[in-house]
Amino acid sequence: MRRLTCGCELALLVVTAATADEPAKLPKPQFNGPYFGKMPRAWVEVLKVDAERRTMTVRTKKGDEVEVPVRGDTELRVRDSWGDLTDYYPGQSVMLFVYHDADGKWAYPRAVQDEIQLMSGHKWWWTVDALDAAAGTLDLSRKEKDKEFKESFRVGSGTKVWKGERPEGIAALKVGDVVLFQTRFDKGEARRFAVELLDAKGLEAIKAGQQAKHRERLAASGLPAVVNDVEMLSGALTVSVQWEATDLARGIKPGAKVEVGAGDKGAWKFAAPVAESKGDGTRHKLLLVADPAAIARLKIGDEVRVFPPRP
Numbered sequence: 548m549r550r551l552t553c554g555c556e557l558a559l560l561v562v563t564a565a566t567a568d569e570p571a572k573l574p575k576p577q578f579n580g581p582y583f584g585k586m587p588r589a590w591v592e593v594l595k596v597d598a599e600r601r602t603m604t605v606r607t608k609k610g611d612e613v614e615v616p617v618r619g620d621t622e623l624r625v626r627d628s629w630g631d632l633t634d635y636y637p638g639q640s641v642m643l644f645v646y647h648d649a650d651g652k653w654a655y656p657r658a659v660q661d662e663i664q665l666m667s668g669h670k671w672w673w674t675v676d677a678l679d680a681a682a683g684t685l686d687l688s689r690k691e692k693d694k695e696f697k698e699s700f701r702v703g704s705g706t707k708v709w710k711g712e713r714p715e716g717i718a719a720l721k722v723g724d725v726v727l728f729q730t731r732f733d734k735g736e737a738r739r740f741a742v743e744l745l746d747a748k749g750l751e752a753i754k755a756g757q758q759a760k761h762r763e764r765l766a767a768s769g770l771p772a773v774v775n776d777v778e779m780l781s782g783a784l785t786v787s788v789q790w791e792a793t794d795l796a797r798g799i800k801p802g803a804k805v806e807v808g809a810g811d812k813g814a815w816k817f818a819a820p821v822a823e824s825k826g827d828g829t830r831h832k833l834l835l836v837a838d839p840a841a842i843a844r845l846k847i848g849d850e851v852r853v854f855p856p857r858p
């Protein structure tokens, strides 16, 4: 009996030792495929934009009017670049990618994309099949694998056609042209109105214009960031710059001095040297060393603006 007991103890020790030698499988944040697959994607009509309250009111295809909050990490995509809430307008057709809660209800948008941005990203180019400028009608189609998609829009004097750096009128559009489009809904009209049509050169032009516009905003209002941590006694302040400004945040090097503030004209602002500057997924993380009295107003989760050193 004693031999059996010893044998069991020895076997247990061997198993325990082998287990101890195996590396522990630690949890690691990673892309959640099932959650992403269930994420609502909805083509909607913009009804109202409230930049001050940071909300967008939209109408779904079912006719429901929904007010959605726009948070700091919501990607606002406009004209194949980054944008601002004020870039969207009533009637505009946009796509919402929406985070959802445990009950499947909308929480807030992961992204708001205009038609140009979405189609450019997916390379959904359309061919002009028919155009009757006098009647104000336009027919488009595109093929994807074994499927064919068709769209019919209204056009008119308000339609801009981009084939270069400057827009032209509807007369510049020809049958056979390959284009992207941006449309809007008009009350009482079954078909959407084509606000803009653009070929590859036109896309380059409007993208460059939007990028320049966005950079001007960031220069004036600072890079949007969120407070990750505040350590009062050491003055350590960790912030993550949002994706829309990470290309500019990468240029901030350790040792440089930045300013942190609310971004509003005349609002509070303080300077702090940079201790660390590194990428953090789609964001860019900065560790700052600030005056404790200056960061006493901050708490984890606050949204701030970071002003890089001037060239």
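Residue numbers (my numbering): 548 to 858. Beta carbons: idealized from backbone N, C-alpha and C, even for Gly. On a predicted model such as this, the values are computed, not experimentally measured, just so you know.
- Restricting attention to 776, 732, 841 and 856, the CA atom closest to the CA of residue 640 is found in 732.
- For residue 589, no alpha helix (DSSP H) segment is defined; the enclosing uninterrupted segment is the beta strand (DSSP E) at 588 to 597.
- Beta-bridge partners assigned by DSSP to residue 768: none are found.
- Our two residues, residue 638 and residue 740, have alpha carbons roughly 10 Å apart in a direct line.
- At a Cβ-Cβ threshold of 9 Å, residue 776 and residue 717 do not count as neighbours.
- Restricted to the stretch 640 to 691, the beta strand (DSSP E) segments that are unbroken, complete and at least 3 residues in length are 640 to 647, 653 to 661, 673 to 679 and 684 to 691, listed in chain order.
- Classified as exposed, residue 648 has fewer than 16 neighbouring CB atoms from the shown chains inside 10 Å of its CB.
- By the 16-neighbour rule on beta-carbons within 10 angstroms, residue 725 is exposed.
- Beta-bridge pairing by DSSP links residue 776 to 785.
- Remark: C-beta atoms of residue 618 and residue 655 approach each other more closely than 9 Å.
- Within the model, the alpha-carbon separation for residue 668 versus residue 750 is close to 12 Å.
- If the five residues before and after residue 660 are omitted, its C-beta is found closer than 7 Å to the C-beta atoms of 624, 641 and 642, all from its own chain and listed in chain order.
- With contacts defined by Cβ atoms closer than 9 Å, residue 596 and residue 633 form a contacting pair.
- Here residue 786 has 772, 773, 774, 775, 807, 832, 833, 835, 851 and 853 as same chain residues with Cβ atoms under 8 Å from its own Cβ, once five neighbours each way along the sequence are excluded.
- Shortest Cα-Cα distance from residue 710 to any of 817, 721, 703 and 701 involves 721.
- Using a Cβ distance threshold of 9 Å, residue 728 and residue 799 do not count as a contacting pair.
- Taken atom to atom, the span from the alpha-carbon of residue 601 to that of residue 615 is near 9 Å.
- For residue 794, the uninterrupted alpha helix (DSSP H) run begins and ends at 793 to 796, by DSSP.
- Excluding five sequence positions before and after residue 809, the CB atoms of its chain that fall closer than 8 Å to its own CB belong to 815, 816, 851 and 852, given in chain order.
- The beta carbon of residue 697 sits closer than 6 Å to the beta carbons of 688 from its chain, once the five residues preceding and following it are set aside; these are given in chain order.
- Between residue 657 and residue 621, the beta carbon gap of about 7 Å places them in contact (Cβ cut-off 8 Å).
- In this structure, DSSP gives residue 696 an extended state, which the three-state scheme calls strand.
- In the structure shown, residue 705 adopts coil according to DSSP, grouped into three states.
- Taking C-beta atoms under 8 Å as the contact rule, residue 788 and residue 803 fail to qualify, at a distance of about 14 Å.
- Bounds of any alpha helix (DSSP H) do not take in residue 822; it lies within the beta strand (DSSP E) bounded by 816 to 827.
- Collapsing the DSSP output to three states places residue 734 in coil.
- According to the DSSP assignment, residue 616 belongs to the beta strand (DSSP E) that extends over 612 to 616.
- In chain order, 689 place their CB closer than 7 Å to the CB of residue 671, counting only its own chain and leaving out the 5 sequence neighbours on each side.
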